[in-house]
Amino acid sequence: MARRSANIPNSLAQNPRPRRGRTAWLVVMGLLAGIAGGAFAWRMLAPDGEPVQRGPVADAQPQDLVVPTEPVEISTRMRPGEWTEESLQEHLEDYKQQIRDMGASESQIIAEVERTEGGAAKVVVRWDRSA
Numbered sequence: 264m265a266r267r268s269a270n271i272p273n274s275l276a277q278n279p280r281p282r283r284g285r286t287a288w289l290v291v292m293g294l295l296a297g298i299a300g301g302a303f304a305w306r307m308l309a310p311d312g313e314p315v316q317r318g319p320v321a322d323a324q325p326q327d328l329v330v331p332t333e334p335v336e337i338s339t340r341m342r343p344g345e346w347t348e349e350s351l352q353e354h355l356e357d358y359k360q361q362i363r364d365m366g367a368s369e370s371q372i373i374a375e376v377e378r379t380e381g382g383a384a385k386v387v388v389r390w391d392r393s394a
């Protein structure tokens, strides 16, 4: 039979609870790390020298932000097997709607679909600002 011993192993003889000062120190360090992380995040959102956009620019509509003399074009290329006639028409309508949202009228929108011999397709939707 096993014999009981009055000797307690050294690892169990130590106090299992940490000291109170260590807990307070860990709480304070956690709070400091959280504050430092928040300050870093704020600096990443609005770096020095870049103004935070408020006022008329932030409230502007897309047509107010588009420069009247610059061309507007939305295009994509699709490989063979990536598209069907239905998905091609969906892309075309989606791009037309994006141009309309910028302020183009229906008569100013030019849509082109180019199909290659290999089965690829290129969709281009332009806003003709001269019309």
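Mind the numbering: the sequence shown is residues 264 to 394 in this note's numbering, read in order. Built from N, CA and C at the ideal position, the CB exists for glycine as well.
May I have the straight-line CA-CA distance separating residue i from residue j, to the nearest angstrom?
| i | j | result |
| --- | --- | --- |
| residue 376 | residue 354 | 10 angstroms |
| residue 356 | residue 333 | 22 angstroms |
| residue 368 | residue 308 | 36 angstroms |
| residue 286 | residue 294 | 13 angstroms |
| residue 378 | residue 386 | 9 angstroms |
| residue 348 | residue 388 | 17 angstroms |
| residue 304 | residue 364 | 33 angstroms |
Is it the case that the Cβ atoms of residue i and residue j are separated by a distance below 8 angstroms?
| i | j | result |
| --- | --- | --- |
| residue 341 | residue 296 | no |
| residue 392 | residue 371 | yes |
| residue 343 | residue 301 | no |
| residue 358 | residue 337 | yes |
So if DSSP puts residue i in a beta bridge, which residue, or which two residues, is it bridged to?
| i | result |
| --- | --- |
| residue 338 | 387 |
| residue 373 | 389 |
Looking at the secondary structure, which residues open and close the alpha helix (DSSP H) in which residue i lies?
| i | result |
| --- | --- |
| residue 363 | 348-364 |
Assuming residue i is part of the beta strand (DSSP E), what are its boundary residues?
| i | result |
| --- | --- |
| residue 367 | Run containing residue 367: none; DSSP gives neither H nor E here. |
| residue 430 | Summary: the structure shown does not reach residue 430, with the chain confined to residues 264 through 394, and so no result is reported for it. |
| residue 380 | No beta strand (DSSP E) contains residue 380, which DSSP labels as neither H nor E. |
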